[in-house]
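Protein chains in written order, with the working numbering: chain A, 1 to 307; chain B, 308 to 614. Ideal Cβ positions, reconstructed from N, Cα and C, are used throughout, including at glycine. The structure appears below as structure tokens.
Here's what the structure looks like:
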């Protein structure tokens, strides 16, 4: 099934204890699309870049079979740019630069050829822009997944709550779940957030894995214990892309299949952190992905026979 | 198989956001024994209390089939006492009072009737005392598990490293693993710690579950997502008690069986936090335990068929 990915396609400049990059391709839409494209051959992007965005990066996305008809290129404007520096523990970072540029007035245009899409992934963007995309689809997709972050809870909470009413699944991290719900217990937080609209909730806990909720069940997926995390940038988006890419490929939105999708998303994220930016995603083979998923199975499988 | 548990048998006074207790029975030896006794009918305690320790608490332990021949009662002295207050998030606490009392000069006497034990659990105590118990056993047990805490890394690191050479498995939390190894990555920390002696390492991550390592494999057990944590006191010891109790009952120290033991330990710990102190462990039924283990299975099980 085809999948629309809305998000930022942008430049990042990253510093970690292991080194630093110049401006490289980044953004939620980039990571989600590259990760989803590993599963689904019909990933269609809605995004905006400036005139400064290099043709070589556009070619890279196209080479990975990503449909860029919905990528607007704004003459005379600059692409969104973020720069950050990770601390030694790699779990916290300082933002050094945020230049909204083309994102400041992003009007997400949905091409006619995208209208038949069954899956919609709303990557991290202003909630009002996410909502616009939903409104511009003539037929509601089978599944709408929304990612967001604490920033929008601080500056656009009402918009965020409005968009939340229209999505099927929200994907946020543990601190964001606590902020959005006002509950410390993630179980209580999940209940409150699902009352705001989404039937399902994914709570990402970084190195501690992820939880998937519906109103009756909970599933826990671990993160793979890694020797080194080289660069965490984009791991959450890569997780989301693998998750919805797997669902779109299998066209099954049951809780059981979402479990599998979370394992695939976690496997994709575990590759993402191995190199700077999206570099590792570009070279990833199917065989490597299968082996990594097997690592996840080995990590958590046990057999207990209850009487 | 029979199991020796060495640890503190003591008084705790606990304050949480939900209320406070007077002096109640606590201590690593108490939690470990009560938890292990759920599995193994031959739990033998080596510990010391003062004259102030009530007969009713001794009767409680005996009622749970715990052998107290190795429990010394010191006339004219007072039992170890700890008091603490948990913060609102229940993940951090302040120690209000620590009175070592009888623990200050604890000479762990191992009764002759304990000498045939196959399993030894060294609960949190001075590493030199833990080592003394090993030295006083005529035959080395099949499995020696050691628990410790950051306090001993601060004040008795050499003793701790010496004891570590003689144990099979060390159980510590993530921050302690980082402190002991000087490595932030838990995978790297595990490698370094296993080079210090133990063939296996358990890293407890509280609400984020636990990792089991040997030199070639890693297993991850989740913690059950809970609506409320009422009182975390003793959860780590209850986990350790369930772990070694299950191993002693099944008399199988393979990695596969250690996985099952960790799930049982995690299930026991999930009960412990439901009420103050050890209260919930005292009322726990086999049926409740089976149901909880099923919850763990449901929480992590998924099916993926790789080609």
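**Study point:** Contact list for residue 231 (chain A) against chain B, beta-carbon separation under 9 Å
**Key:** From the beta-carbon of residue 231 (chain A), no residue of chain B is found nearer than 9 Å; the closest lies around 15 Å away.
Checklist entry - Which chain B residues sit within Cβ distance under 8 Å of residue 89 (chain A)? => result Correct list: 491.
Next item on the list: Indicate whether at least one CB of chain A lies closer than 9 Å to the CB of residue 566 (chain B).
Entry: For residue 566 (chain B), the answer is yes, since a Cβ of chain A falls inside 9 Å of its Cβ.
Looking only at its chain, what residues have a beta carbon closer than 7 Å to the beta carbon of residue 424 (chain B), apart from the 5 residues adjacent to it on each side? Setting aside the 5 residues that flank it on each side, residue 424 (chain B) is surrounded in the same chain by 309, 310, 311, 351, 448, each with a C-beta closer than 7 Å to its C-beta; the list follows chain order.
- Task: Please confirm if residue 4 (chain A) has its CB atom under 9 Å from at least one CB of chain B.
- Result: Answer no: the Cβ-Cβ gap between residue 4 (chain A) and chain B never drops below 9 Å.
Note to self: Can you tell me whether residue 11 (chain A) is helix, strand or coil according to DSSP?
What the structure shows: Strand.
Status (buried if at least 16 other CB within 10 Å, exposed otherwise) for residue 398 (chain B)
Counting C-beta atoms within 10 angstroms of its own C-beta, residue 398 (chain B) has fewer than 16 neighbours from the protein chains shown and is therefore classed as exposed.
Check: Per DSSP, what kind of secondary structure is residue 488 (chain B) in: helix, strand or coil?
Finding: Helix.
request  = For residue 546 (chain B), collect the residues of the same chain with a Cβ closer than 6 Å to its Cβ; drop the 5 residues on either side in sequence, then sort them by chain order.
outcome  = Scanning its chain for C-beta atoms nearer than 6 Å, with the 5 sequence neighbours on each side dropped, one finds around residue 546 (chain B) the residues 572, 576, in chain order.
Would you check if there are 3 or more beta carbon pairs closer than 8 Å linking the segment 79-88 of chain A to the segment 131-151 of chain A? Using a C-beta cut-off of 8 Å, the segment 79-88 of chain A makes no contact with the segment 131-151 of chain A, since fewer than three inter-stretch Cβ pairs fall below that distance.
| query | For residue 228 (chain A), which three-state DSSP category applies? | reply | For residue 228 (chain A), the three-state secondary structure derived from DSSP is coil.
*With 16 as the cutoff for other CB atoms within 10 Å, does residue 41 (chain A) come out buried or exposed?*
Residue 41 (chain A) counts as exposed, since fewer than 16 other C-beta atoms from the protein chains shown sit within 10 angstroms of its C-beta.
| said: For residue 504 (chain B), tell me which candidate among B:473, B:558, B:435, B:495 has the shortest Cα-Cα distance. | reply: Of the candidates B:473, B:558, B:435, B:495, the one whose C-alpha sits nearest the C-alpha of residue 504 (chain B) is B:473.
*In or out: residue 233 (chain A) buried (at least 16 other Cβ within 10 Å) or exposed?*
Buried, because 16 or more other Cβ atoms sit within 10 Å of the Cβ of residue 233 (chain A).
ask   = Does the separation of the CB atoms of residue 131 (chain A) and residue 159 (chain A) fall below 9 Å?
value = Judged by beta-carbon spacing, residue 159 (chain A) lies within the 9 Å limit of residue 131 (chain A), meaning their Cβ atoms are closer than that value.
Point to revise | Pair within 9 Å by beta-carbon distance, residue 308 (chain A) and residue 121 (chain A) | key: With chain A represented from 1 up to 307, any question about residue 308 (chain A) goes unanswered, as that position is not in the structure.
What does DSSP give as the partner residues of residue 50 (chain A) in its beta bridges? Answer by DSSP bridge pairing, in chain order: A:74.
Going along the chain, which unbroken runs of the alpha helix (DSSP H) with 4 or more residues stay wholly within the segment 458-488 of chain B? Counting whole runs of 4 or more residues, the segment 458-488 of chain B contains the alpha helix (DSSP H) stretches 464-471, 481-488.
**Report entry** Cutoff 9 Å: residue 227 (chain A) Cβ touching any chain B Cβ
**Finding:** Judged by the 9 Å Cβ criterion, residue 227 (chain A) is in contact with chain B.
- Select from the segment 194-209 of chain A all residues with a C-beta closer than 8 Å to any C-beta belonging to chain B, and list them in chain order. For the segment 194-209 of chain A, which is checked against every Cβ of chain B, the residues closer than 8 Å are 205, 208, 209.
| said: So, at 6 Å on beta carbons, what are the nonlocal neighbours of residue 483 (chain B) in its own chain, with the 5 sequence-adjacent residues on each side left out? | reply: Here the set comprises 457.
Practice prompt. Taking only beta carbons into account, state which residues of the segment 274-300 of chain A come closer than 8 Å to chain B, listed in chain order.
Written response: Along the segment 274-300 of chain A, the positions whose C-beta sits under 8 Å from a C-beta of chain B are 290, 293, 294, 297, 298, 299, 300, read in chain order.
- prompt: Using a C-beta to C-beta distance shorter than 7 Å, which residues of chain B count as neighbours of residue 20 (chain A)?
  reply: Per Cβ cutoff of 7 Å: no residues; residue 20 (chain A) is ~20 Å from chain B at best.
Original post:
Can you list, in chain order, the residues of the segment 235-255 of chain A whose Cβ is nearer than 8 Å to any Cβ on chain B?
Top reply: The residues in question: there are none.
- Count the other C-beta atoms from every protein chain shown that fall within 10 angstroms of the C-beta of residue 297 (chain A), then say buried if there are 16 or more, exposed otherwise. Exposed, since its Cβ has fewer than 16 Cβ neighbours within 10 Å.
- Task: Check the DSSP bridge columns for residue 350 (chain B) and list the partner residues they point to.
- Result: BP columns for residue 350 (chain B) point to B:310, B:373.
Any C-beta of chain B sitting closer than 9 Å to the C-beta of residue 222 (chain A)?
It does: the Cβ of residue 222 (chain A) has a partner Cβ on chain B nearer than 9 Å.
Can you pull the chain A neighbours of residue 495 (chain B), defined as C-beta to C-beta under 9 Å?
Listed by position along chain A, the residues whose Cβ is nearer than 9 Å to that of residue 495 (chain B) are 227, 228.
Of all Cβ atoms in chain B, is any one closer than 9 Å to the Cβ of residue 263 (chain A)? Interface residue, yes.
- Can you round the beta-carbon distance between residue 404 (chain B) and residue 356 (chain B) to whole angstroms, since I take them to be within the 8 Å contact cut? For residue 404 (chain B) against residue 356 (chain B), the beta-carbon gap comes to about 17 Å, at or over 8 Å, which does not count as contact.
Suppose you measure from the CA of residue 129 (chain A) to the CA of residue 282 (chain A); what does that come to, to the nearest Å? If you take the alpha carbons of residue 129 (chain A) and residue 282 (chain A), they lie about 28 Å apart.
Spatial distance of residue 569 (chain B) from residue 550 (chain B) (CA atoms): If you draw a straight line from the Cα of residue 569 (chain B) to the Cα of residue 550 (chain B), it is about 5 Å long.
Please tell me whether residue 78 (chain A) and residue 52 (chain A) are closer than 9 Å, where the distance is taken between their beta carbons. Yes; because the gap between Cβ atoms is below 9 Å, this pair is in contact.
Just reading off the alpha helix (DSSP H) that residue 265 (chain B) is part of, what are its end residues? Outside the displayed span of chain B (308 to 614) sits residue 265 (chain B), for which this structure offers no information.
N- and C-terminal bounds of the beta strand (DSSP E) containing residue 551 (chain B)
Per DSSP, residue 551 (chain B) belongs to no beta strand (DSSP E); it is in the alpha helix (DSSP H), 542-557.
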